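Counting in the working numbering, the final residue of the sequence shown is number 167, and the numbers go up one at a time with none missing. All C-beta atoms, glycine included, are put in the ideal place defined by N, C-alpha and C. Everything numeric in this text was worked out from a predicted model, so none of it was measured.
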Amino acid sequence: MDDSLYAEIAQLPRLRTDQLRQRYREVFGEETHTRHKQHLVRRIAWRLQALAQGDLSERARQRALEVANDADLRTQVPSQWLASARAAQRPPERRADKRLPAAGTLLTRHYRGRQIVVTVLAEGFDYEGRHYASLSAVAREVTGTRWNGLLFFGLARRKEAGRARR
């Protein structure tokens, strides 16, 4: 290839998308539907090289067609692909915190002369007949201020004294 072709190909990434679409029209003789800049740059560069150096030989074209015809093409999507696609669309399952006890466990805490009893559920917590999504929500209900629920019920310890609080 001559230097002018290299220079033209090197300039392609600097062009705006509308300019690349115009150049595509010139090189291929048809409109493009894509606005993906990198794809346009690659296609135009390939076409410019093919025009300068020649395209595939007829023998290579025939061999490519034979390979394509011999390929075992599926007429249906494999079922495991569908299952994995459905799984990807579902929201990820929330893993229960390992510090939480099993469902059915009663957590107790004495706070300002009251005994607080919370039942651990499979999905959340029960306190005085009301459902709460987190222990922090229960602790907020009891104290009226924000608390880390694990700390409030003694399921976790504060960080070492030397560490700074956020």
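Asked, Found
"Within 9 Å, strictly: CB atoms of Phe-153 and Thr-144", "yes"
"Cβ shell of His-132 (< 8 Å), same chain only, five flanking positions each side left out", "Leu-122, Gly-125, Phe-126"
"Stretch pair the segment 38-45 + the segment 17-30: three plus CB contacts closer than 8 Å", "yes"
"DSSP-derived helix/strand/coil call for Gly-55", "coil"
"Cβ neighbour criterion (16 or more within 10 Å) applied to Ala-61", "exposed"
"Cβ of Ala-8 within 9 Å of any chain B Cβ", "No chain B is present in this structure, which holds just one protein chain."
"Where Tyr-191 falls, given that 16 or more other Cβ within 10 Å makes a residue buried", "Beyond the ends of the chain as shown, which are 2 and 167, falls residue 191; an answer cannot be given."
"Straight-line Cα distance separating Trp-148 from Arg-158", "13 Å"
"Range covered by the beta strand (DSSP E) that runs through Phe-126", "125-128"
"Endpoints, the alpha helix (DSSP H) within which Arg-24 is located", "18-29"
"Beta-carbon proximity list for Val-139, same chain, < 7 Å, skipping 5 on both sides", "Val-119, Phe-126, Tyr-128, Tyr-133, Gly-150"
"Three-state secondary structure (DSSP) of His-34", "coil"
"Bridge-paired residues (DSSP) for Leu-122", "Gly-125"
"Euclidean distance between Cα positions of Ser-135 and Arg-115", "20 Å"
"Distance, Glu-27 Cα to Ala-53 Cα", "15 Å"
"First through last residue of the beta strand (DSSP E) which encompasses Arg-110", "107-112"
"DSSP three-state assignment for Ala-162, whether helix, strand or coil", "Caution is warranted here: a pLDDT of 38 is assigned to Ala-162, below 50, making its placement in the model unreliable, and the coordinate value is therefore given only provisionally. Ala-162: coil per DSSP, three-state reduction."
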